[in-house]
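Taken in order, the sequence shown gives residues -22 to -1, 1 to 244; the numbers are from mature numbering (1 follows the signal peptide of the UniProt record, and there is no 0). Even for Gly, the Cβ is constructed at its ideal location relative to N, Cα and C.
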Amino acid sequence: MMRTVSRLAVLLFVLAAVPVHGETSAGAPDPGEAIAAEAYARERGFDSYRMDMEMILRDRQGRESVRRMRGAVLEVADDGDKHLIVFEAPADIKHTAFLTFSHADKPDDQWLYLPSLKRTRRIASDNRSGSFLGSEFSFEDLTSQLPRKFSHTLVGEETVADRPSFKLERVPRYEGSGYTRQMLWIDKERWVALKTEFYDRRGALQKTLETGGYERYEGRLLKPAWMSMLNHQTGKSTRINMRNYRFRESSINRQDFLPQRLEYVR
């Protein structure tokens, strides 16, 4: 509790001392850095959790296809987390498994098991901007958004979904990103992401991610019920619904988070 109060006091001092729109004195950190760090810190302390997921793909004519998955996340101290997604339906992608080891100071590690080929392949760094199994999410999007992976600038305050929010610009520090920059809106009261705009390598707006339906778990952890990605350039969208969050389940098998075991995960 004392750590949270202390961290918040530092954040309030930074926000009070530095004007909005990134106008910092020489050598002073932009307040966007403190805001991003605080939002990320409030997500921590979950240890592990499971959830049920539904992915709805919609083409530009409005036709839909639905996939069912389940997900699991392991928290990793001083680094990014480990994420596992396993598809359950439809039959043609059943048992497909996707594993991510997120990192703070080096490229993420990602693997995809394809049952049709009976093999696990590693996702190369220069391929992570590609579509994740035909969805509007890229491999790059499905990883921990650690603050150290970006530079953050506070550019203003706006209202999103009737919520007063900080508006940040964040620029990837890692190589191989499909984005030149992102605009991120963080709820000022709940410290959760509400909206993100992604700008492609030409600097054009490519996608917008909206996230909502946040619910509180264990008295403090806020987790979303859905996130929806719209691709402005193709007219396609993908929505992922999340439900049945279960924290610190004894049934979570840490061996399932080994790339050499992806073909056995059920």
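Under the three-state DSSP convention, the category residue i falls into
| i | result |
| --- | --- |
| Leu146 | strand |
| Glu153 | coil |
| Lys84 | coil |
| Gln184 | strand |
| Leu236 | coil |
| Glu32 | strand |
| Arg221 | strand |
| Asp104 | helix |
| Glu53 | coil |
| Ala69 | helix |
| Glu175 | strand |
| Glu241 | helix |
| Ala(-6) | Annotation note: pLDDT 45 at Ala(-6) (below 50); position unreliable, coordinate value reported separately. If DSSP states are grouped into helix, strand and coil, Ala(-6) belongs with the helices. |
Residue nearest to residue i in terms of C-alpha spacing, selected from the options
| i | options | result |
| --- | --- | --- |
| Ala82 | Pro150, Asp234 and Thr186 | Pro150 |
| Trp204 | Glu196, Glu32 and Pro7 | Glu32 |
| Gln238 | Gly58, Glu135 and Tyr91 | Tyr91 |
| Glu153 | Met220, Lys127 and Thr174 | Lys127 |
| Ala182 | Lys84, Ala12 and Gly156 | Gly156 |
| Arg36 | Ile218, Lys214 and Glu147 | Lys214 |
| Met220 | Ser228, Phe235, Glu193 and Asp86 | Glu193 |
| Ala102 | Ser113, Gln88 and Gly112 | Gln88 |
| Ala6 | Tyr18, Asp57, Thr131 and Glu42 | Thr131 |
| Glu188 | Arg180, Arg100 and Met161 | Met161 |
| Arg179 | Lys185, Val170, Gly197 and Thr158 | Thr158 |
| Ser113 | Ala17, Pro9, Asp8 and Val44 | Val44 |
| Tyr68 | Ile34, Pro85 and Asp86 | The sequence given here places Pro at residue 68; Tyr does not occur at that position. Ranking the options by Cα distance to Pro68, first place goes to Ile34. |
| Ala244 | Val170, Asn209, Glu66 and Gly40 | Reading off the sequence shown, one finds Arg at residue 244, where the question assumed Ala. Out of Val170, Asn209, Glu66 and Gly40, Glu66 has the C-alpha closest to the C-alpha of Arg244. |
| Asp8 | Leu240, Arg148 and Glu241 | Arg148 |
Cut-off 8 Å between Cβ atoms - residues of its own chain near residue i, not counting five sequence neighbours on either side
| i | result |
| --- | --- |
| Leu120 | His61, Ile63, Phe76, Thr78 and Phe110 |
| residue 249 | Because the chain spans -22 through 244 in this model, residue 249 falls outside it and cannot be assessed. |
| Leu199 | Glu21, Gly23, Phe24 and Phe225 |
| Asp59 | Val51, Leu52, Glu53, Ser80 and Ser122 |
| Arg38 | Thr212, Gly213 and Lys214 |
| Glu11 | Pro125, Ser129 and His130 |
Bounding residues of the beta strand (DSSP E) (the contiguous stretch that carries residue i)
| i | result |
| --- | --- |
| Tyr195 | Glu193 to Tyr195 |
| Tyr91 | Asp87 to Leu92 |
| Ile164 | Arg159 to Asp165 |
| Phe128 | Phe128 to Val138 |
| Asn209 | Trp204 to Asn209 |
| Leu199 | Leu199 to Lys201 |
| Thr78 | Ala75 to Phe79 |
Extent of the continuous alpha helix (DSSP H) to which residue i belongs
| i | result |
| --- | --- |
| Tyr18 | Pro9 to Ala19 |
Residues near residue i in its chain [Cβ-Cβ closer than 7 Å; skip 5 each side]
| i | result |
| --- | --- |
| Phe115 | Met207 and Thr216 |
| Ile230 | Ser26, Arg28 and Ala50 |
| Gly191 | Pro202, Ala203 and Trp204 |
| Glu136 | Ser143, Lys145 and Trp163 |
| Ala15 | Pro125 |
| Tyr223 | Tyr27, Met29, Tyr195 and Lys201 |
Close Cβ partners of residue i (< 6 Å) along its chain, the five nearest in sequence each way excluded
| i | result |
| --- | --- |
| His73 | Pro93 |
| Ser107 | Ser116, Glu118 and Gly156 |
| Phe176 | Tyr157, Gln160, Gln184 and Lys185 |
| Thr174 | Gln160, Leu162 and Leu187 |
| Asn209 | Glu114 and Lys185 |
Cutoff 8 Å: residue i Cβ touching any chain D Cβ
| i | result |
| --- | --- |
| Ala17 | Of the chains in the structure shown, none is chain D; there is only one protein chain. |
| task | Count the CB pairs spanning the region 161 to 169 and the region 131 to 143 that are closer than 8 Å, and state whether there are at least three. | result | Yes, the region 161 to 169 is in contact with the region 131 to 143.
| said: Pairs of beta-carbons, one from the region 85 to 103 and one from the region 46 to 54, closer than 8 Å: are there three or more? | reply: Two segments are said to touch when three or more pairs of C-beta atoms, one from each, lie closer than 8 Å; by this definition the region 85 to 103 does not touch the region 46 to 54.
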